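Encoded as structure tokens, the structure appears first; notes follow it.
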Amino acid sequence: MNEWLISLDPTPEDLADALFHFLTSQEWYEVTLLLDESLFSKSVSRRLQVLSNGPTMLKMIQLPSARSKLLSILSSCHTSKHRVLVLCCSGGKRTRQVFHEARKLKMLEQDWIWILLEKATFNPESGNYPVGILGLRLKHQLTNKHSVRSAMDVVAESVKYLDGNLRLVGKGNESNISCWNNASEHRRRLTEALHTVIRRQLERESSVAREGLEPPVFEILNLVSGPHTSRRRWKRLGNVTGSESIWTPSSG
Numbered sequence: 001m002n003e004w005l006i007s008l009d010p011t012p013e014d015l016a017d018a019l020f021h022f023l024t025s026q027e028w029y030e031v032t033l034l035l036d037e038s039l040f041s042k043s044v045s046r047r048l049q050v051l052s053n054g055p056t057m058l059k060m061i062q063l064p065s066a067r068s069k070l071l072s073i074l075s076s077c078h079t080s081k082h083r084v085l086v087l088c089c090s091g092g093k094r095t096r097q098v099f100h101e102a103r104k105l106k107m108l109e110q111d112w113i114w115i116l117l118e119k120a121t122f123n124p125e126s127g128n129y130p131v132g133i134l135g136l137r138l139k140h141q142l143t144n145k146h147s148v149r150s151a152m153d154v155v156a157e158s159v160k161y162l163d164g165n166l167r168l169v170g171k172g173n174e175s176n177i178s179c180w181n182n183a184s185e186h187r188r189r190l191t192e193a194l195h196t197v198i199r200r201q202l203e204r205e206s207s208v209a210r211e212g213l214e215p216p217v218f219e220i221l222n223l224v225s226g227p228h229t230s231r232r233r234w235k236r237l238g239n240v241t242g243s244e245s246i247w248t249p250s251s252g
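So the sequence shown is numbered by UniProt numbering: it starts at 1 and just counts up by one.
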């Protein structure tokens, strides 16, 4: 990955924020978070620990890489008073394994609330996921002229700021900087300074959406079976936007 990459896509921290607001809106204050070893899951975990102000609300459990040890881990959850389980996995294979072992312990019945995050929600039919579980994942976003224009405005404003603060990058001998030439020390300093200014500007505006750069929307989903078939599908119940959780069980 390019070291200067700045993505406008929602981050794992955005997902953690949405999950936290959803949990607190439902007054679910005793939650177990089941995590795989991915960097995505670790980022979600770190952010949730900050939001929950310690381990009082959340119990973090690292899922073992060996499937043979899953039953033992889930057995410890079975004896816990925490009945809300959040599953954060980077793929469907691990999710299917967790449900396979949880079914042996009868942890897929009404006493338990399961919430799947992002990739764990993919293709529930293939894994025979239990009807009734919940999911939280990013609503598909479309790029439009407003978002493109807003992103370009951020870059333009950052370049303008640097033009008035050239002391941040120092003086160089190049009269023309071209991406076709190998990076000089001056060009690298300029790139680093521009990268810093853009990130700072985006962070400053994260709490107040600029026109075209709106906060991410995460959908609250419920796994249901069809009226005339056993095939499972996700039904949208509501969404989480910023710190607002809207729960609409009657929506389709």
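Ideal Cβ positions, reconstructed from N, Cα and C, are used throughout, including at glycine.
These numbers come from a predicted model, not from an experiment.
For residue 60, the secondary structure class from DSSP, reduced to helix, strand or coil, is strand. Residue 69 sits in a helix when the DSSP states are folded into three classes. For residue 247, the number of other beta carbons within 10 angstroms of its own is below 16, and it is reported as exposed.
Ranked by how close their Cα comes to the Cα of residue 163, the residues 60, 191 and 65 have 191 in first place. Secondary structure remark: continuous alpha helix (DSSP H) runs of at least 4 residues inside the segment 95-158: none found. Within the same chain, 215 come within 6 Å of residue 242 by CB-CB distance, once the 5 residues on both sides are set aside. Under the three-state reduction of DSSP, residue 160 is assigned to helix. In terms of Cα proximity to residue 160, the closest of 42, 201 and 116 is 201.
The residue from 69, 119 and 155 with its alpha-carbon nearest to that of residue 195 is 155. In this structure residue 107 is buried. Its beta-carbon is surrounded by 16 or more other beta-carbon atoms within 10 angstroms. Taking a contact to require three or more Cβ pairs closer than 8 Å, the segment 52-70 and the segment 116-124 do not qualify as touching.
Ranked by Cα distance from residue 23, the options 149, 10, 224 and 57 are led by 57. Close CB contacts of residue 124 within its chain, under the 6 Å cut and outside five residues either way in sequence, are with 223 and 232 (chain order). In the structure shown, residue 47 falls within a helical segment according to DSSP collapsed to helix, strand and coil.
With respect to residue 18, residue 48 sits apart: the two C-beta atoms are not nearer than 7 Å. In the DSSP assignment, residue 32 falls within the beta strand (DSSP E) that extends over 31-35.
Burial is judged here by how many other beta carbons sit within 10 angstroms of a residue's own beta carbon; residue 63 has at least 16 and is buried.
Per the C-alpha coordinates, the member of 145, 235 and 148 positioned closest to residue 131 is 235.
Scanning its chain for C-beta atoms nearer than 8 Å, with the 5 sequence neighbours on each side dropped, one finds around residue 76 the residues 61, in chain order. Residue burial is scored here from C-beta neighbours: residue 32 has at least 16 other C-beta atoms within 10 angstroms and is therefore classed as buried.
Linking residue 198 to residue 187 through their CA atoms gives a straight-line distance of about 16 Å.
Close CB contacts of residue 52 within its chain, under the 8 Å cut and outside five residues either way in sequence, are with 20 and 58 (chain order).
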